[in-house]
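> Have a look at this one.
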Amino acid sequence: NPTGTAYTRDAFAAFMERVPAHVLVVTDEAYFEFATDPAYPDSLEWYDGERPLAVLRTFSKMYSLAALRCGYGFVPEALRLGIDKVREPFNVNAVAQAAAYYSLDDETEVMRRRAENQEQKTYIYAVLDRLGVEYAMSETNFVYFHTDRPVEVFEALLHEGVIVRDFGTAPALRMTLGSPEDMAYAADALTNAHEELGGF
């Protein structure tokens, strides 16, 4: 989901009711720990180990362990056995396993990061509102904003020292959130680029 938007728990429940019992549903919850909306679904509520539902999560985002390429999943036993037949041996090294294990033990840090992410998201929303730029409400650590000139805006921001994501297929760009200092710099870059281009 490049936009960072989320469906509600009720919408997911309705979807799960309509999915035939033999169809595998895979939920990619890479940004699960960033979500703050009470209506955001936790697909583990539907996981019982029997129905074909795979819930995938990662240590790459909230836990900042992307270089270690470590994640985890909840899958029915039959699917786990199938995965074991094709996966490479020792595909997650001991360092990655240790880092992941100890990361799960620090909920205070997760809460701090979630709160800081929310603050920076609110800050960037305010900047985009002031500039009259539309954006999608995000449940992640990035903001997806509209522009009819994505290439020009991308280049203007790059000139300011800010790299955003251009998907090349939509009239939009995506900005990852960072520290308060990073986002203050990004806000100035957005403002300067907006002025230079006469709007987005």
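Take the sequence shown: its letter number 55 is residue 852 in our numbering, and every next letter is one higher.
C-beta atoms are modelled at their ideal positions from N, C-alpha and C, and glycine is treated no differently.
(1) Whole angstroms is fine: what's the gap from GLY879's alpha carbon to ASP963's?
(2) At what residues does the alpha helix (DSSP H) containing ARG927 begin and finish?
(3) My output table needs one value for ASP825: the three-state DSSP class, helix, strand or coil.
(4) So what does ALA851 bridge to, in DSSP terms?
(5) Return the residue from the list GLU936, ASN938, ALA895 and GLY965 that minimises the CA-CA distance to ASP945.
(6) Here's the rule I'm using: 16 or more other beta-carbon atoms within 10 Å means buried, otherwise exposed. How should THR905 be labelled?
(7) Any C-beta of chain B sitting closer than 7 Å to the C-beta of GLU957?
(8) What is the residue span of the alpha helix (DSSP H) that PHE812 lies within?
(9) Which residues does DSSP pair with MET972 in a beta bridge?
(10) Can you give the Cα-Cα distance for THR800 and SER935, rounded to whole angstroms?
(11) Could you tell me which of GLU826, ARG877 and GLY996 sits nearest to GLU931, measuring between CA atoms?
(12) How far does the alpha helix (DSSP H) with GLY879 in it reach, from first residue to last?
(13) Check whether the segment 880-894 and the segment 814-833 touch, using three or more Cβ-Cβ pairs below 8 Å as the test.
(14) Going by DSSP in three states, TYR869 sits in which element: helix, strand or coil?
(15) Please report the distance separating the alpha-carbon of GLN917 from that of MET980.
(16) For VAL1045 and LEU955, what's the separation of their Cα atoms in angstroms?
Answer, in terms of the structure:
(1) Counting from one through the sequence shown, the residue named residue 879 turns up at place 82. Counting from one through the sequence shown, the residue named residue 963 turns up at place 166. Roughly 36 Å separates the two Cα atoms.
(2) As a position in the sequence shown, residue 927 is number 130, starting the count at 1. First-last of the alpha helix (DSSP H) with ARG927: 904-928.
(3) Counting from one through the sequence shown, the residue named residue 825 turns up at place 28. Three-state result, ASP825: strand.
(4) Taking the sequence shown and counting its residues from 1, the one referred to as residue 851 is at position 54. Note: ALA851 sits in a beta bridge opposite VAL823.
(5) On the sequence shown, residue 945 is found 148 positions in, with the first residue counted as 1. Minimum Cα distance to ASP945 is reached at GLY965.
(6) Translated into the one-based positions of the sequence shown, residue 905 becomes position 108. THR905 should be labelled exposed.
(7) As a matter of chain content, chain B is missing from the structure shown, which is built from one protein chain.
(8) Numbered from 1 along the sequence shown, position 15 holds the residue referred to as residue 812. Segment 806-815, the alpha helix (DSSP H) holding PHE812.
(9) Residue mapping note: residue 972 aligns to position 175 of the sequence shown, counting from 1. DSSP, once it has assigned bridges, lists VAL940 as partnering MET972.
(10) For the purposes of this step, residue 800 is identified with residue 3 of the sequence shown, where counting begins at 1. For the purposes of this step, residue 935 is identified with residue 138 of the sequence shown, where counting begins at 1. The straight-line gap from Cα to Cα measures roughly 7 Å.
(11) The residue you call residue 931 lines up with position 134 of the sequence shown. The shortest Cα separation from GLU931 among GLU826, ARG877 and GLY996 belongs to GLY996.
(12) Numbered from 1 along the sequence shown, position 82 holds the residue referred to as residue 879. Here the alpha helix (DSSP H) through GLY879 covers 874-883.
(13) no
(14) Locating residue 869 in the sequence shown gives position 72, where the first residue counts as 1. TYR869: strand per DSSP, three-state reduction.
(15) Walking along the sequence shown from the start, residue 917 turns up at place 120. Walking along the sequence shown from the start, residue 980 turns up at place 183. Taking the straight line joining both Cα atoms gives about 7 Å.
(16) The first residue shown for the chain is 798 and the last is 997, placing residue 1045 beyond what the model contains.
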